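Visitor:
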Amino acid sequence: MNNLIILPIIIPFLIGAILIIFAKKTHIQRFISALASISMLAISIYLAIIVYQNGIIVLELGNWTAPFGIVLVADMFATMMVILSSIVGLVCLFFAFQTFSLEREKAYFYPFYFFLLVGVNGAFLTGDLFNLFVFFEVMLISSYILIVHGGTKYQLRESFKYVVINVFASILFLVGVAYIYSVTGTLNMADLAVKVRELEQVGVLNVTAVIFLVVFAMKGGLFPLYFWLPRSYFGPPAAIAALFGALLTKVGIYAIMRTFTLIFIHDINFTHTLILILAGFTMFFGVLGAVSQFDFKRILSYHIISQVGYMVMGLGIFTPLAIAGAIYYIAHHIIVKAALFLFAGATEKITGTTDLKKMGGLLKTHPYLSWLFFISAISLAGIPPLSGFFSKFALILAAFLQENYIIAGVALIVGLLTLFSMMKIFMYAFWGNQKHTEEQAQINIGKLLIPIIPLVALTIGLGFLAEPIFQYSLQIAEQLLDPTIYIDSVLKE
Numbered sequence: 108m109n110n111l112i113i114l115p116i117i118i119p120f121l122i123g124a125i126l127i128i129f130a131k132k133t134h135i136q137r138f139i140s141a142l143a144s145i146s147m148l149a150i151s152i153y154l155a156i157i158v159y160q161n162g163i164i165v166l167e168l169g170n171w172t173a174p175f176g177i178v179l180v181a182d183m184f185a186t187m188m189v190i191l192s193s194i195v196g197l198v199c200l201f202f203a204f205q206t207f208s209l210e211r212e213k214a215y216f217y218p219f220y221f222f223l224l225v226g227v228n229g230a231f232l233t234g235d236l237f238n239l240f241v242f243f244e245v246m247l248i249s250s251y252i253l254i255v256h257g258g259t260k261y262q263l264r265e266s267f268k269y270v271v272i273n274v275f276a277s278i279l280f281l282v283g284v285a286y287i288y289s290v291t292g293t294l295n296m297a298d299l300a301v302k303v304r305e306l307e308q309v310g311v312l313n314v315t316a317v318i319f320l321v322v323f324a325m326k327g328g329l330f331p332l333y334f335w336l337p338r339s340y341f342g343p344p345a346a347i348a349a350l351f352g353a354l355l356t357k358v359g360i361y362a363i364m365r366t367f368t369l370i371f372i373h374d375i376n377f378t379h380t381l382i383l384i385l386a387g388f389t390m391f392f393g394v395l396g397a398v399s400q401f402d403f404k405r406i407l408s409y410h411i412i413s414q415v416g417y418m419v420m421g422l423g424i425f426t427p428l429a430i431a432g433a434i435y436y437i438a439h440h441i442i443v444k445a446a447l448f449l450f451a452g453a454t455e456k457i458t459g460t461t462d463l464k465k466m467g468g469l470l471k472t473h474p475y476l477s478w479l480f481f482i483s484a485i486s487l488a489g490i491p492p493l494s495g496f497f498s499k500f501a502l503i504l505a506a507f508l509q510e511n512y513i514i515a516g517v518a519l520i521v522g523l524l525t526l527f528s529m530m531k532i533f534m535y536a537f538w539g540n541q542k543h544t545e546e547q548a549q550i551n552i553g554k555l556l557i558p559i560i561p562l563v564a565l566t567i568g569l570g571f572l573a574e575p576i577f578q579y580s581l582q583i584a585e586q587l588l589d590p591t592i593y594i595d596s597v598l599k600e
C-alpha cells in the first residue's frame with residue numbers, strides 16, 4: 108500500500124520519457140497523455156481516500172529508515188494538493204489539445220508538461236528538504252521550457268527575468284539547506300522538527316527561517332518579490348498560463364505552510380508575525396496592480412499575487428480556523444484561477460486579443476462563455492454562495508477572533524477591489540457593443556468550454572458543499588498544527 112505514494116511521481120516521469128520517443132506523432136502523444144492524466148487523477152483520489160481512512164503513509168525508498176534515507180510522506184494536506192494538481196493538469200491538457208498548433212505539439216510540449224508534474228507532485232510528497240530542492244528544480248527546468256514554448260519575442264524577453272529570479276532563489280535555497288544542516292545535522296523534515304525543538308539558538312534558527320521564507324516567497328509570488336510574475340505569465344499560451352497560474356505559485360505556498368507548521372515554530376511571535384505582514388502587503392499591492400490594468404491576462408496575473416496573500420494570511424494568524432480557511436482558499440483558488448486563464452484563452456480565440464479596450468459584446472454572441480466566466484469571476488471575488496466566499500469568510504473571521512483588525516480590513520478592501528477588477532473584465536469584454544467582426548462572432552468554442560465546465564462546476568460545488576469541505580480542511584489544519592502526528596509517522600517513535 109505504501110508504494111502508492113510514488114505513483115503520482117513515477118507515472119508522469121515514465122510518460123514524459125515515453126512521449127519523447129513519439130514527439131513527432133501527435134495523435135499518439137495525445138492518446139497517451141490523456142490516458143495518463145486520467146489515471147493520475149484516479150490514483151491521487153484513491154491515495155487521498157486511503158490516507159483519510161488510515162492516516163499518514165510513509166514510503167522509505169531503498170528501505171533506508173528515516174532520517175538516514177529518502178522518504179516520501181503522504182498526509183492529508185499533501186494528498187489534497189496532488190488531487191488538485193491532477194485536476195488542473197488534466198483540464199489544461201485537454202484545453203491544449205484544442206488550441207495548440209501541430210508545430211507546438213511536436214516541439215516536445217507533452218514530455219515537458221509531464222516532467223513539470225513530476226516536480227510539482229514530488230514537492231508535495233517529499234519528506235526532506237534536499238529532495239524538496241530537487242523537485243523544485245525538476246519543476247522549474249520544465250517550466251523554463253514551457254514558458255518560452257512557441258518562441259515569441261515577448262516570451263523570450265520576459266522569461267529571462269523568470270529564469271534569473273528562480274536561479275537566484277535556487278542558489279539561496281541551497282544556502283538555506285547548507286545552513287540548517289550545519290546547525291541540526293539533518294535534512295529530514297520530521298527529524299528537523301525534533302532537532303529544532305531541542306536547540307536553544309533562537310537567533311540562528313530565525314535567520315535560517317527567514318532565508319527559507321525569502322526563497323519560498325520568490326517562488327510563491329509574495330511581496331516584494333513578485334515583480335517577475337505578471338509579465339512572465341502573460342506571454343505563454345492560455346493552457347500553459349493556466350497551469351502556471353494555478354499550480355506553480357502554490358508549490359511555494361505549500362512549502363511555506365509545510366515548513367512553518369512543522370519546523371520553524373520555535374518563535375512564532377517573530378516568524379508568523381513577519382508572514383502576516385508580508386500577507387497584507389502582498390494582498391494590497393497585488394490587487395492594486397490588477398485594478399490598474401486593462402488587459403484580461405495581466406489582470407489575472409496580478410490577482411495571482413493578491414490571492415496568495417490570503418493563503419499566507421491564514422498561516423500568519425496560526426489558529427486552526429485560519430489554517431483551515433487558508434487550505435480551503437488554496438483549493439478554491441487553484442480551481443478558479445485555472446478556469447479564468449482558460450476563459451482568457453477562449454476569448455482570445457474569438458477576438459484575437461486580450462486588450463479589454465478592443466473587446467466587447469461577447470455576451471451577445473457567446474452567452475454560455477460569458478455567464479460561465481461571470482460565475483468564476485464572482486467566485487474569485489468572494490461572492491456567496493460560491494467557494495471564494497466561504498474560504499475568505501473563515502480567514503476574516505479568524506483575523507477578527509485574534510483581534511488582527513488591520514489584516515482583516517486589508518482582506519475586506521482587497522476583496523472589494525477584486526470584485527471591481529473582475530467586473531471591469533466583464534463589462535469591457537462581455538457587456539456593451541460588439542467590437543469583434545461577424546466572422547469572429549461565428550467562431551464555435553464549444554470544444555474549448557468542455558475542459559472549463561468541470562472547473563466551474565467544482566467552484567460551485569465547493570460553495571454549496573461548504574460544510575463538509577470546511578470540515579475536511581479543518582482536519583488537515585489540526586494535523587498540521589500537531590507536528591507530533593507527522594513526526595511519529597515518519598520516525599516511528
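Under the working numbering, the first residue of the sequence shown is numbered 108, with each subsequent residue one higher. No residue lacks a Cβ here, since even glycine has one placed at the ideal position from N, Cα and C. Since the structure is predicted, the reported quantities are computational estimates derived from the model, not experimental observations.
Looking at the secondary structure, which residues open and close the beta strand (DSSP E) in which residue 181 lies?
Guide: Taken as a continuous stretch (DSSP letters only), the beta strand (DSSP E) holding residue 181 covers 178–181.
Visitor: Go ahead and label residue 280 buried or exposed: buried means 16 or more other beta carbons lie within 10 angstroms of its beta carbon, across all protein chains shown.
Guide: buried
Visitor: For residue 291, name the three-state secondary structure that DSSP assigns.
Guide: Here residue 291 carries a helix assignment [DSSP, helix/strand/coil].
Visitor: Assign residue 293 to buried or exposed, taking buried as 16 or more other Cβ atoms, counted over all protein chains shown, within 10 Å of its Cβ.
Guide: buried
Visitor: Please report how far the alpha carbon of residue 305 lies from the alpha carbon of residue 503, in whole angstroms.
Guide: 34 Å
Visitor: In whole angstroms, give me the CA-to-CA distance for residue 162 and residue 226.
Guide: One C-alpha to the other measures close to 24 Å.
Visitor: Below 8 Å between beta carbons: does that hold for residue 53 and residue 445?
Guide: Lying outside 108 to 600, the shown extent of the chain, residue 53 is not represented and no answer is given.
Visitor: Out of 353, 579, 238 and 549, point me to the one whose CA is closest to residue 487's CA.
Guide: The shortest C-alpha separation from residue 487 is found at 353.
Visitor: Inspect the CB distances between the segment 400–411 and the segment 331–343 and report whether three or more fall short of 8 Å.
Guide: yes
Visitor: Excluding sequence positions up to five away, which residues of its chain have a Cβ less than 6 Å from the Cβ of residue 246?
Guide: 223, 226 and 227
Visitor: Return the CA-CA distance between residue 549 and residue 199, expressed in angstroms with no decimal places.
Guide: Straight through space, the alpha carbons of residue 199 and residue 549 are spaced by roughly 24 Å.
Visitor: Contact between the segment 509–517 and the segment 574–590: three or more CB pairs below 8 Å?
Guide: no
Visitor: Can you tell me whether residue 333 is buried or exposed, with buried defined as 16 or more other CB within 10 angstroms of its CB?
Guide: Buried.
Visitor: What is the rounded straight-line gap between the Cα of residue 326 and the Cα of residue 393?
Guide: In this model, residue 326 and residue 393 are separated by some 15 Å (Cα to Cα).
Visitor: Tell me whether the beta-carbon of residue 359 lies closer than 8 Å to the beta-carbon of residue 318.
Guide: no
Visitor: Let's see if you can read the secondary structure: which residues bound the alpha helix (DSSP H) around residue 54?
Guide: Residue numbering for the chain in the displayed model covers 108 to 600; residue 54 lies beyond these limits and cannot be assessed.
Visitor: Taking only three categories from DSSP, how would you classify residue 167?
Guide: In this structure, residue 167 counts as strand in the three-state DSSP scheme.
Visitor: What whole-angstrom Cβ distance do residue 321 and residue 597 have, given they're in contact under 8 Å?
Guide: About 26 Å; that fails the 8 Å criterion.
Visitor: Leaving aside the five residues before and after residue 218 along the sequence, list all residues of the same chain whose C-beta is less than 8 Å from its C-beta, in chain order.
Guide: 123, 124, 126, 127 and 130
Visitor: When the Cα atoms are used, what is the spatial distance from residue 264 to residue 429?
Guide: Approximately 39 Å, taken between the alpha carbons.
Visitor: Would DSSP call residue 233 helix, strand or coil?
Guide: Looking at residue 233 - three-state DSSP - the assignment turns out to be strand.
Visitor: Exposed or buried, which one is residue 169 when buried takes at least 16 other CB atoms within 10 Å?
Guide: exposed
Visitor: Restricting to runs no shorter than 4 residues, where is the alpha helix (DSSP H) found entirely within the segment 264–340?
Guide: 296–305 and 309–327
Visitor: Is residue 156 closer than 8 Å to residue 197 when the C-beta atoms are compared?
Guide: Going by C-beta atoms, residue 197 is not nearer than 8 Å to residue 156.
Visitor: Based on the DSSP output, what are the partners of residue 462 in its beta bridges?
Guide: 402
Visitor: Say whether the segment 429–443 touches the segment 371–384, bearing in mind that this needs 3 or more beta-carbon pairs closer than 8 Å, one atom from each stretch.
Guide: no
Visitor: Can you tell me whether residue 399 is buried or exposed, with buried defined as 16 or more other CB within 10 angstroms of its CB?
Guide: So residue 399 counts as exposed.
Visitor: Would you call the segment 264–275 and the segment 297–304 touching, i.e. three or more CB-CB distances under 8 Å?
Guide: no
Visitor: Leaving aside the five residues before and after residue 456 along the sequence, list all residues of the same chain whose C-beta is less than 8 Å from its C-beta, in chain order.
Guide: Apart from the 5 residues on each side of it in sequence, residue 456 sits with its Cβ closer than 8 Å to the Cβ of 206, 550, 552 and 555 in its chain, given in chain order.
Visitor: Contact check, residue 209 vs residue 154 under 8 Å by CB: the rounded distance?
Guide: In this structure, residue 209 and residue 154 do not form a Cβ contact; the two beta carbons are roughly 35 Å apart against a cut-off of 8 Å.
Visitor: Excluding the 5 residues flanking residue 425 on each side, which residues of the same chain have their C-beta closer than 7 Å to its C-beta?
Guide: 375 and 379
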